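J.: My questions all concern the structure below.
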Amino acid sequence: MKIAIMGAMPEEIAPILERLDDVQEVNYAKNKYYKAKYNNIDVVVAYSKIGKVFSTLTAATMLQIFACDVLLFTGVAGAVNDELKIGDLIVATKLPQHDLDITIFGHPYGYVPEGSVFVETDQDLRALAKLVAKEMDIDIKEGIIATGDQFIASQERKGFIADTFHADALEMEGASVAVVCDALDVPFFILRSISDSADMDASFNFEEFVESSAKISAEFLMKMVDKLAKV
Ligand code: 4EH
């Protein structure tokens, strides 16, 4: 088994790079991919750069060029659900693109013909996350994570995303990664730790908490990798 581990920003994969062995850096399509061993497991680690386009490119590369057979995403997110506080973990059940809008033609937000508003994540990987959380005695929430090419820092846009998609959190890469994995029929998992509340304080909170929240998410994900290799 070869596991793809991706984030969008350097901060999101830095805690993982520290723990790899036999690292081989490969350049492909203007990005760096780290082929390595983690506790004797084959992994490919990369950060895509921000947004749906770069994350699509990286996810597709991980699967098609590096031949990974499962993809795990780790990173930070803005909270939509008030119950989510900075540092909390959220596992995506399904993801929509909140900025995809051809509603003028009578379609719902997030929908294009032959697509679907939401893409669902793998059930078995979600179950594995619950098992790891239980063993660590921590609370991990599951919910809808909405994606779009916008850093959300307003109550108004956040409210639209909450009302339209019943989203619990939001970010800028998950749904595009989901589309790629779904199309190529590869099981995938999207984990995020909250860095801000996507409101007027978002940019300040983000800068303060991006590193600590990214670390929380990355460390949890690597606990899942330990278990994945055993199944
Ligand atoms: O990869 C982008 C990063 C913000 S943009 C999406 N990530 C972080 C998740 C996220 C997010 N997305 C949308 C956390 N909070 C979010 C929010 N809205 N409120 C960025 C940040 N710093 C430097 C460069 N780009």
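Residue numbers (the working numbering): 1 to 231.
Just so you know, even glycine gets a beta-carbon here, dropped at the ideal spot from N, CA and C.
On a predicted model such as this, the values are computed, not experimentally measured, just so you know.
1) Look up V186 in the DSSP assignment and say whether it is helix, strand or coil.
2) Under a Cβ-count criterion, where at least 16 other Cβ atoms within 10 Å of its own Cβ denotes burial, should G159 be classed as buried or exposed?
3) Using beta-carbon positions only, say whether F66 and A4 come within less than 8 angstroms of one another.
4) Determine, using beta-carbon pairs with one atom in the stretch 70–86 and one in the stretch 176–188, whether at least three such pairs fall under 8 angstroms.
5) I think L228 touches L128, with their Cβ atoms under 8 angstroms apart; what is that distance to the nearest whole Å?
6) For Y111 and A133, I'd like the C-alpha separation in whole angstroms.
7) For K230, is the classification buried or exposed, using 16 other Cβ atoms within 10 angstroms of its Cβ as the cut-off for buried?
8) List the whole-angstrom C-beta distance separating G250 from S195, where the pair is believed to meet the contact cut-off of C-beta under 8 angstroms.
9) Quick one: is Q123 buried, meaning 16 or more other Cβ sit within 10 Å of its Cβ, or exposed?
10) Using the beta-carbon count (16 or more within 10 Å), is F105 buried or exposed?
11) Roughly how far, in whole angstroms, is the beta-carbon of E11 from the beta-carbon of E211, given that I think they are within contact range, below 8 angstroms?
12) Less than 8 angstroms between the beta carbons of H225 and Y38, yes or no?
13) Apart from the five residues just before and just after R126, which ones in its own chain have a Cβ nearer than 8 angstroms to its Cβ?
14) Following a CB-centred definition, is V53 positioned closer than 7 angstroms to any heavy atom of the ligand 4EH?
15) Name, in chain order, the residues that DSSP records as bridge partners for A46.
16) Under a CB-based cut-off of 8 angstroms, is L191 close to chain C?
T.: The short version:
1) Taking the sequence shown and counting its residues from 1, one reaches residue 186 at position 186. When DSSP states are grouped into helix, strand and coil, V186 belongs to the coil group.
2) Taking the sequence shown and counting its residues from 1, the one referred to as residue 159 is at position 159. Under this definition G159 is an exposed residue.
3) Indexing the sequence shown from 1 puts residue 66 at position 66. Indexing the sequence shown from 1 puts residue 4 at position 4. Cβ distance < 8 angstroms, so F66 and A4 count as in contact.
4) Inter-segment contact for the stretch 70–86 and the stretch 176–188 is present: three or more beta-carbon pairs are separated by less than 8 angstroms.
5) Here residue 228 refers to the residue found at position 228 when the sequence shown is read from its first residue. Here residue 128 refers to the residue found at position 128 when the sequence shown is read from its first residue. The C-beta distance from L228 to L128 rounds to 7 angstroms, short enough to meet the 8 angstroms contact threshold.
6) Sequence index remark: in the sequence shown, residue 111 carries index 111 (1-based). Sequence index remark: in the sequence shown, residue 133 carries index 133 (1-based). Rounded to whole angstroms, Y111 to A133 spans 33 angstroms at the Cα level.
7) Here residue 230 refers to the residue found at position 230 of the sequence shown. Exposed, by the Cβ-count rule.
8) Absent from the model: residue 250. The displayed extent of the chain is 1 to 231, so no value can be given.
9) In the sequence shown, counting from the first residue as 1, residue 123 sits at position 123. So Q123 counts as exposed.
10) Within the sequence shown, residue 105 is the residue found at index 105, counting from 1. F105 counts as exposed, since fewer than 16 other beta carbons sit within 10 angstroms of its beta carbon.
11) Start at 1 with the first residue of the sequence shown, and residue 11 comes out as number 11. Start at 1 with the first residue of the sequence shown, and residue 211 comes out as number 211. Taking C-beta atoms under 8 angstroms as the contact rule, E11 and E211 qualify, at a distance of about 5 angstroms.
12) Within the sequence shown, numbered from 1, the residue matching residue 225 stands at position 225. Within the sequence shown, numbered from 1, the residue matching residue 38 stands at position 38. Note that residue 225 is Val in the sequence shown, not His. A contact, by the Cβ cut-off of 8 angstroms.
13) The count along the sequence shown starts at 1 and reaches residue 126 at position 126. By the criterion of a C-beta distance shorter than 8 angstroms, R126 is surrounded in its chain by V91, T93, E142, F189, once the five residues flanking it on both sides are discounted.
14) Taking the first residue of the sequence shown as 1, we reach residue 53 at position 53. Not under cutoff, so the answer is no.
15) Locating residue 46 in the sequence shown gives position 46, counting from the first residue. In the DSSP output, where bridge partners are listed per residue, A46 has M6.
16) Among the chains in the structure shown there is no chain C, since it carries only a single protein chain.
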